[in-house]
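Beneath this line is the structure, given in structure tokens, with notes to follow.
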Amino acid sequence: MDASHVEQDLVNVLFTEAQIRERLAEMAAQIEEDYEGHDLVIVGILRGAVMVMADLARAFGRHVEMDWMAVSSYGSGTKSSGVVRILKDLDSDISGRHVLVVDEIIDTGLTLSWLTANLSSRNPASVEIATLLRKPEALQMPVDVKYVGWDIPNEFVVGYGLDYRERYRNLRDIATLAPHVYS
Ligand code: 5GP
Ligand code: MG
Ligand code: MG
Numbered sequence: 001m002d003a004s005h006v007e008q009d010l011v012n013v014l015f016t017e018a019q020i021r022e023r024l025a026e027m028a029a030q031i032e033e034d035y036e037g038h039d040l041v042i043v044g045i046l047r048g049a050v051m052v053m054a055d056l057a058r059a060f061g062r063h064v065e066m067d068w069m070a071v072s073s074y075g076s077g078t079k080s081s082g083v084v085r086i087l088k089d090l091d092s093d094i095s096g097r098h099v100l101v102v103d104e105i106i107d108t109g110l111t112l113s114w115l116t117a118n119l120s121s122r123n124p125a126s127v128e129i130a131t132l133l134r135k136p137e138a139l140q141m142p143v144d145v146k147y148v149g150w151d152i153p154n155e156f157v158v159g160y161g162l163d164y165r166e167r168y169r170n171l172r173d174i175a176t177l178a179p180h181v182y183s
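The UniProt record's numbering puts the sequence shown at residues 1 to 183.
Right, here's the structure in full:
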């Protein structure tokens, strides 16, 4: 794969940087309204949610604490392995606190369904989920998602934190990859 030319690997831009910024601002406004008067900790799921966390957090006009978890549910390719492991746990104690898990995409729902159960066992005041993207067709586990940026078709997407083999995370837009990239 040519390391220097990213654009030729992309098929179709689904969401531009500007569209993402606008949608996150709407989501942040809704979240602010819903959690008004309450302490809130947002938990980003590394590494994919880094961009969403950065932009969502800065769209808030309120105080918000940011914490991180790293879990692994995927191998290096495009399919779920079905196994969730905590690679990095929260730094903070969330008991009695309102927790909003922030992710960039929900595919099967396996990761977040496991994660919210894990977080709920730590006696928080509440646990909710915000995700920029959701693939409804691929949902295999029941996950109650409070905030969704967009529902998208069941296609593999990259950019804005989303990788294919650790590439394309730093794209500003969200796009699908050309078939030649996979082969
Ligand atoms: P799930 O457990 O819901 O199937 O997916 C968990 C993780 O798989 C997501 O947080 C993301 O890291 C990865 N994933 C799922 N769908 C896609 C996709 O279309 N593109 C990329 N780059 N990653 C995805
Ligand atoms: Mg993720
Ligand atoms: Mg990945």
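Don't be surprised by glycine CBs; every beta carbon is placed ideally from N, CA and C. Note that the structure is a prediction, hence the values are computed from the model and not measured.
Three-state class that DSSP yields for residue i in the structure shown
i	result
Met1	Here Met1 scores only 48 on pLDDT, less than 50, and its place in the model should not be relied on; the value that follows carries that caveat. In this structure, Met1 counts as coil in the three-state DSSP scheme.
Arg85	strand
Glu65	strand
Leu90	coil
Leu10	strand
Ala54	helix
Glu128	strand
Ala49	coil
Range covered by the alpha helix (DSSP H) that runs through residue i
i	result
His180	179–182
Leu119	110–120
Asp34	17–34
Cβ neighbour criterion (16 or more within 10 Å) applied to residue i
i	result
Ala29	exposed
Met141	exposed
Met1	Note that Met1 scores a pLDDT of 48, beneath 50, so its modelled location is shaky and nothing firm can be said.
Tyr182	exposed
His180	exposed
Leu110	buried
Beta-carbon gap between residue i and residue j smaller than 8 Å
i	j	result
Met66	Ala59	no
Val127	Ile42	no
Ile152	Val143	no
Glu104	Val52	yes
Ala70	Asp107	no
Leu119	Gly48	no
Ala178	Leu10	yes
Thr131	Glu155	no
Extent of the continuous beta strand (DSSP E) to which residue i belongs
i	result
Asp151	147–151
Asp103	98–106
Val143	Segment: none, Val143 is in no beta strand (DSSP E) and carries neither H nor E.
Any non-hydrogen atom of ligand 4 closer than 7 Å to residue i Cβ
i	result
Asp9	Among the ligands present in this structure, namely ligand 1, ligand 2 and ligand 3, ligand 4 is not found.
> Per the contact definition of three or more C-beta pairs closer than 8 Å, is the segment 23–30 in contact with the segment 85–103?
Replying inline: no
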